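There are 2 protein chains.
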Amino acid sequence: LDHTLTLTQQQARDAGLDLANSAGIAVVGSNGPYGCPWTKAMLKVENEGLAHVWFSTNTSSRRVAQLRADPRSSVYFFDPATFRGLLLVGEMEVRQDADSRRRLWSDGCERYYPLGVDDPDYTVLRFTARWGNYYHGLSNTSFSL
Amino acid sequence: LDHTLTLTQQQARDAGLDLANSAGIAVVGSNGPYGCPWTKAMLKVENEGLAHVWFSTNTSSRRVAQLRADPRSSVYFFDPATFRGLLLVGEMEVRQDADSRRRLWSDGCERYYPLGVDDPDYTVLRFTARWGNYYHGLSNTSFSL
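If you read the protein sequences in the order shown, they are chains D and F.
Numbered per my numbering, the first sequence spans residues 1 to 145.
Numbered per my numbering, the second sequence spans residues 1 to 145.
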């Protein structure tokens, strides 16, 4: 891709999806106290295209309390080596139902949640994107979802 | 460091400073439209301890417009390989004075700002941290600045 090329919305969605699919980590943005934006790198457990991104975290974490109080959030994937990035903006849902827990559970999760898939400190986060912005070099394109 | 060790505020400041000093990139959080947190990876040009972090960007960028409207922001450094991260929360100042421009200018900046150090599309951002949170593995410690 030419760094100065302007992409169509569909080209930006496709390139952003490639980046999201290949990423192991995303940076989650949330609204912290006093109107300040917070960010935190989290393991991306699963993405359903660009529509939803799934994470797991500790129920007791400050981030969960923030997202319960204000679900507005963003999920950001980037590759510093190639100056590519994808910002998805939307809402994060805090889930503790059995289906969501089982969906994300895998061998090794016991290290973080010793009581297993029903550990009360195990929480699932499901992000829903409303729109996105993909950039590569100096070119960036916003698209709806 | 033991991943489960609780650090003192000073230990967290020191470890966070090591991370900030060695980082080439930071993720900047800002308040986007409709109360949504936005994030963007930016080259860290300079950090003065943990008190200030300096960036440069395009005057015409949406991020500059956001930060002028609402300076509340965060600067986040992280190392996915070691599960370490530093979140700094504070305010971002948009600067276009000659001293700030010259402070961050270096050979090669002409690629982005063809008119040189006085290019009207060249803007300097100076972040001031109010407090921070450093984590390593499952341990995290907040500190004042």
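All residues carry an ideal CB built from backbone N, CA and C; glycine is no exception.
Source: prediction; values computed, not measured.
Practice task
May I ask you to list the residues that DSSP assigns as paired with residue 140 of chain D?
Solution key: Paired residue(s): D/135.
Problem - Residue of D/125, D/128, D/141 and D/111 minimising C-alpha distance to residue 146 of chain F - result: Lying before the first or after the last residue shown, residue 146 of chain F is absent from chain F, which here runs from 1 to 145.
Handout entry: Limits of the unbroken alpha helix (DSSP H) element including residue 99 of chain F
Key = Secondary structure note for residue 99 of chain F: its alpha helix (DSSP H) is the uninterrupted segment 98–104.
Practice task
Would you check if the distance between the CB atom of residue 88 of chain F and the CB atom of residue 145 of chain F is smaller than 9 angstroms?
Solution key: Using a Cβ distance threshold of 9 angstroms, residue 88 of chain F and residue 145 of chain F count as a contacting pair.
Problem - Cβ contact (3+ pairs, closer than 8 angstroms) linking the segment 14–32 of chain D and the segment 41–48 of chain D - result: Flag = yes, the segment 14–32 of chain D and the segment 41–48 of chain D touch.
Problem - Cβ of residue 41 of chain F within 9 angstroms of any chain D Cβ - result: Closer than 9 angstroms to the CB of residue 41 of chain F there is at least one CB belonging to chain D.
Handout entry: 9 angstroms Cβ cutoff, residue 118 of chain F in contact with chain D
Key = Taking Cβ atoms only, chain D never reaches closer than 9 angstroms to residue 118 of chain F, which makes this a no.
Practice task
Indicate whether at least one CB of chain D lies closer than 9 angstroms to the CB of residue 114 of chain F.
Solution key: So, not an interface residue.
Practice task
Could you name the residues of the same chain whose beta carbon sits closer than 8 angstroms to that of residue 82 of chain F, not counting the 5 residues immediately before and after it, in chain order?
Solution key: Once the five neighbours on either side are set aside, the close Cβ partners of residue 82 of chain F are 136.
Exercise for the section: State the DSSP-derived secondary structure class of residue 113 of chain F, mapped to helix, strand or coil. Expected result: The DSSP-derived three-state label of residue 113 of chain F is coil.
Exercise for the section: Give the single residue among F/142, F/34, F/124 and F/133 whose Cα lies nearest to the Cα of residue 53 of chain F. Expected result: Looking at the Cα atoms, F/124 is the closest of the given residues.
Practice task
State the start and end residues of the unbroken beta strand (DSSP E) segment that holds residue 79 of chain D.
Solution key: Residues 72–79.
Exercise for the section: Would you please verify whether the beta carbon of residue 36 of chain F is less than 9 angstroms from any beta carbon of chain D? Expected result: Output row for residue 36 of chain F: interface = yes.
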